[in-house]
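Visitor: Protein chains in written order, with my numbering: chain A, 19 to 480; chain B, 19 to 480.
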């Protein structure tokens with residue numbers, strides 16, 4: 019049985035190759051492979067995404083509402099014009115405006131660790147403290163849900179949610195998904211039982227002491243308390259310190275605050291389709307970032323890759339059949355207002371969005387694409403794998419998309435670009451996320467992979 | 019036709035899954051998947067390869083013949099004993115003994131760039147210079163073969179082989195293969211026409227000024243001349259400088275030399291097979307490195323991963339049917355004497371080497387394995403892909419192996435572990451190749467992937 023099984027596998031392997039060439043004619047496959055090679059060569063040699071990323075990172079972090087974010091928006095608009103894109107414009111979006119302020123400090127104020135500082139940063143959206151800060155004892159829990167089981171002991175305390183990422187998951191995004199709840203909902207849950215603040219262990223895969231921020235939310239029916247993230251090493255330290263000094267108190271000072279909403283923009287440019295201009299293949303990332311590091315992987319990489327998609331197609335004079343549109347969304351990190359605004363536009367524009375492809379998983383080496391669509395659409399994209407392999411794509415899997423394209427509800431396919439995930443959360447939402455953390459070949463192969471997929475969709479439809 | 023083609027693809031996709039489970043029973047697949055998950059969990063959580071790599075790197079670089087290499091060999095031997103491996107021993111190997119010395123300097127001595135230093139390092143195996151060095155004009159060529167076309171102009175000059183890696187190749191190893199000839203054979207070809215030294219552009223993918231060494235060879239019938247590599251940036255500088263100052267001269271001083279051959283060792287340990295102890299599944303890397311950086315990716319990673327293979331199998335109490343042997347080869351970088359010695363042993367030992375798996379492509383995120391074997395063997399290994407996917411393996415491809423296992427001529431399969439290649443030559447053979455350049459999750463997933471493959475071969479045979 020084993021041998022016959024193997025023979026059938028052999029037969030199928032040969033048959034498979036034959037089938038791929040049946041889905042589109044072998045002549046077409048050959049042409050697409052040549053185009054894919056040209057796209058990849060151009061990306062790897064010219065490194066335009068990498069050059070753009072350096073410029074974008076030099077602006078500084080780009081939190082929604084900040085001056086930097088507006089500078090970055092105009093930089094992207096001008097870059098699209100300079101590259102000769104069609105219909106370059108800004109779509110107005112009103113965004114939240116949270117500012118970190120110049121004080122964020124947590125210090126142990128009593129006992130044997132007196133004056134020991136804990137390296138923290140405020141979570142995005144947190145309220146600040148009075149000028150003298152909040153001083154309170156600390157209670158440690160190992161998960162968000164464990165707060166319920168110690169609810170009697172929480173009142174008047176700082177709740178320290180010391181939950182690590184699940185290191186055993188192959189996808190670090192899956193591990194992030196499991197861990198992010200403590201950051202987003204920790205303050206609500208702790209305040210319900212009378213806590214005065216929350217400290218979370220940073221959601222990171224890296225053993226260092228850099229705190230990682232990210233969005234937290236409040237519920238209007240429950241008192242608002244500050245939320246901060248501590249570095250990995252200082253989370254370990256605090257946990258140990260609490261074992262021998264359970265009565266230790268921390269003074270927490272934060273100057274962060276939320277200002278009134280403020281105008282901002284999505285940045286949009288396109289290459290008009292030569293045969294079906296009303297059919298849109300959208301590609302994009304988000305122009306905002308957190309206010310730590312430079313937002314290089316998150317999501318400077320996605321912005322410059324998706325600008326480069328259009329540039330590569332123009333540069334190689336490919337004249338796509340359908341309109342290829344690049345949208346750089348504002349406010350992915352703390353509100354998704356850019357996504358909502360574009361979604362409303364897409365609903366009412368009369369255009370037909372064929373596919374939307376998001377790059378928001380870092381500028382790492384390509385692995386695959388995740389596709390949310392009917393099975394027949396997924397199979398069609400899978401049949402292009404021999405072409406996509408030329409730029410490092412190993413798989414097309416079911417399920418995917420991204421926060422910014424989730425409001426484009428009528429698109430036939432929502433597609434998430436999936437680079438390798440192993441290093442992403444070393445950098446994510448922290449001072450580690452700088453230009454130097456991006457490898458040019460990895461970034462450019464991502465540009466190439468997305469470009470090839472976009473071009474195939476434009477030419478073949480879905 | 020397109021629709022029917024897609025339907026057949028759909029049918030085959032379902033059928034494929036069925037087939038995989040036919041090659042080995044679905045019950046067995048389930049068991050192997052559970053084991054693979056345990057192996058991966060343990061690697062990712064305990065990070066033993068990463069801890070070992072830190073220790074190994076702390077010894078310093080481990081060039082064959084050096085004191086460090088002997089320290090590293092004894093460290094590995096003791097580590098294998100401490101981990102409880104069977105039959106831990108050293109296999110004697112006589113190795114070359116080249117030393118860099120404490121002077122390597124290239125300076126422009128005339129014209130507008132007088133006193134400008136070019137950042138260089140000697141190539142491994144190069145002869146040194148007299149104490150005052152060699153002073154000569156420079157002639158630039160763009161490839162090894164271009165030396166032939168300027169042979170009339172080479173006499174008395176330093177030949178500067180300014181050939182970049184081919185950035186368009188997806189596999190950086192393929193690009194390295196194209197570029198390495200200039201380093202290995204440059205001195206022979208240039209000396210044939212009377213050159214006094216060669217400078218090559220470092221073989222690297224990284225835009226910095228760190229020179230990358232590597233082996234060069236001589237031919238006894240042609241005069242020996244020194245060979246050095248210049249950093250990427252200084253190669254660009256020198257090329258530009260030669261355009262406006264074609265008469266510039268460089269003084270090159272090197273104190274490197276080759277000492278008499280010296281005793282060294284391969285390090286060997288194993289887990290004795292419970293059913294077929296005479297059948298060997300070998301796994302290994304090379305314990306020597308160049309004398310730049312710490313040999314972290316090349317090939318500290320492969321050494322600690324393959325030690326960890328046995329440790330994971332022991333730790334999880336898996337009792338493999340066949341003997342799993344770890345061999346850390348000496349002298350891969352400049353002689354392959356360890357490979358030869360083990361190959362001779364394998365030829366005459368009476369043992370049956372089923373497979374040999376080498377990890378010598380860096381500690382990066384797993385992508386695949388390359389297999390040199392009969393088609394039926396490759397298909398068998400491909401049928402295990404659903405299990406190997408749990409630790410990040412996307413493909414099993416035909417063709418693969420590695421320098422250190424190439425002398426095990428009777429093995430049914432020679433297999434090369436293929437992590438992602440994009441960053442490898444940023445570090446390779448240079449001061450960039452340090453412990454911090456290795457990401458623990460990427461390294462450990464490699465350990466897990468190799469362990470799962472080794473275990474499957476041990477249990478299922480080939």
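Just so you know, even glycine gets a beta-carbon here, dropped at the ideal spot from N, CA and C.
Please classify residue 69(B): does DSSP put it in a helix, a strand, or coil?
Guide: In the structure shown, residue 69(B) sits in a helix (DSSP, three-state: H, G or I).
Visitor: Across which residues does DSSP place residue 269(B) in a beta bridge pair?
Guide: Beta-bridge pairing links residue 269(B) to 125(B), 153(B).
Visitor: Of the residues that make up the segment 215-238 of chain B, which ones have a beta carbon closer than 7 Å to any beta carbon in chain A?
Guide: So the list reads 223, given in the order they occur along the chain.
Visitor: Does any residue of chain B bring its CB to less than 8 Å from the CB of residue 438(A)?
Guide: So, interface residue.
Visitor: Does DSSP put residue 480(A) in a helix, a strand or coil?
Guide: In the structure shown, residue 480(A) sits in coil (DSSP, three-state: anything other than H, G, I, E or B).
Visitor: Specify, as a first and last residue, the run of the alpha helix (DSSP H) that residue 204(A) falls within.
Guide: Taken as a continuous stretch (DSSP letters only), the alpha helix (DSSP H) holding residue 204(A) covers 190-210.
Visitor: If you measure between the beta carbons of residue 54(B) and residue 408(B), is that distance less than 8 Å?
Guide: Cβ distance < 8 Å, so residue 54(B) and residue 408(B) count as in contact.
Visitor: Residue 279(A) versus chain B: which residues are under 9 Å apart at the beta carbon?
Guide: Those within 9 Å of residue 279(A) in chain B number zero; the least Cβ separation is about 39 Å.
Visitor: Give the DSSP-derived three-state secondary structure of residue 402(A) in the structure shown.
Guide: Residue state, collapsed to three classes: coil.
Visitor: Buried or exposed: where does residue 163(B) fall if 16 or more other Cβ atoms within 10 Å of its Cβ makes it buried?
Guide: So residue 163(B) ends up on the exposed side.
Visitor: Could you work out which residues of chain B lie near residue 460(A), taking near to mean beta carbons separated by less than 8 Å?
Guide: Result: 440, 441.
Visitor: List, from N- to C-terminal side, the beta strand (DSSP E) runs of 3 residues or more that fit wholly inside the segment 402-451 of chain B.
Guide: You should have 413-416, 431-437.
Visitor: Give the DSSP-derived three-state secondary structure of residue 371(A) in the structure shown.
Guide: It is a strand residue.
Visitor: To the nearest angstrom, how far is the alpha carbon of residue 226(A) from that of residue 160(A)?
Guide: Whole-angstrom Cα-Cα distance: 20 Å.
Visitor: Would you please verify whether the beta carbon of residue 412(B) is less than 8 Å from any beta carbon of chain A?
Guide: Interface residue, yes.
Visitor: Distance check for residue 103(B) and residue 329(B), CA to CA, integer angstroms please.
Guide: Using only the alpha carbons, I get a separation of about 8 Å.
Visitor: Is there contact here, the segment 269-281 of chain B with the segment 121-128 of chain B, by at least three beta-carbon pairs under 8 Å?
Guide: A contact exists between the segment 269-281 of chain B and the segment 121-128 of chain B.
Visitor: So what does DSSP say about residue 338(B), is it helix, strand or coil?
Guide: In the structure shown, residue 338(B) sits in coil (DSSP, three-state: anything other than H, G, I, E or B).
Visitor: Does the segment 129-145 of chain A come within contact of the segment 233-250 of chain A, defined as at least 3 CB pairs closer than 8 Å?
Guide: Verdict: yes, contact present.
Visitor: Compare the C-alpha of residue 222(B) against each of 242(B), 180(B), 261(B), 260(B) and name the closest.
Guide: Ranking the options by Cα distance to residue 222(B), first place goes to 180(B).
Visitor: What's the C-alpha gap between residue 476(A) and residue 453(A)?
Guide: So the two alpha carbons sit approximately 32 Å from each other.
Visitor: When DSSP builds the beta bridges, which residues end up paired with residue 287(B)?
Guide: Beta-bridge pairing links residue 287(B) to 344(B).
Visitor: For residue 120(A), tell me which candidate among 99(A), 273(A), 242(A), 190(A) has the shortest Cα-Cα distance.
Guide: Taking only the C-alpha atoms, the option nearest residue 120(A) is 273(A).
Visitor: Tell me which residues of the segment 185-217 of chain B have at least one Cβ-Cβ distance to chain A shorter than 8 Å, keeping chain order.
Guide: Residues passing the 8 Å Cβ filter: 185, 186, 188, 190.
Visitor: DSSP state of residue 147(B), grouped into three classes?
Guide: Three-state DSSP puts residue 147(B) in coil, outside helix and strand.
Visitor: So, are the CB atoms of residue 182(A) and residue 219(A) less than 8 Å apart?
Guide: For residue 182(A) and residue 219(A), yes; Cβs fall inside 8 Å.
Visitor: Does residue 63(B) get closer than 8 Å to chain A when you measure Cβ to Cβ?
Guide: Residue 63(B) counts as touching chain A.
Visitor: Are the C-beta atoms of residue 59(A) and some chain B residue less than 8 Å apart?
Guide: Yes, residue 59(A) counts as interfacial toward chain B.
Visitor: Just verifying my parser: in three-state terms, what is the DSSP assignment at residue 63(A)?
Guide: The answer is helix: DSSP assigns residue 63(A) an H, G or I state.
Visitor: Evaluate residue 463(B) with the Cβ neighbour count: other Cβ atoms within 10 Å of its Cβ, from every protein chain shown; 16 or more gives buried, anything less gives exposed.
Guide: Classification of residue 463(B): buried, given that the 10 Å Cβ count is 16 or more.
Visitor: What's the C-alpha gap between residue 394(B) and residue 73(A)?
Guide: Between residue 394(B) and residue 73(A), the C-alpha separation is close to 52 Å.
Visitor: Can you give the beta carbon distance from residue 284(A) to residue 370(A), rounded, assuming they're within the 8 Å contact cut?
Guide: Incorrect: roughly 20 Å between the Cβ atoms, too far for contact.
Visitor: Between which two residues does the alpha helix (DSSP H) holding residue 325(B) run?
Guide: Its alpha helix (DSSP H) spans residues 319-333.
Visitor: Using the Cα positions of residue 405(B) and residue 440(A), report the straight-line distance between them to the nearest angstrom.
Guide: Distance between the alpha carbons of residue 405(B) and residue 440(A) is about 19 Å.
Visitor: Strictly under 8 Å for the Cβ-Cβ distance: is residue 450(B) near chain A by that measure?
Guide: With 8 Å as the cut-off, residue 450(B) does not count as an interface residue toward chain A.
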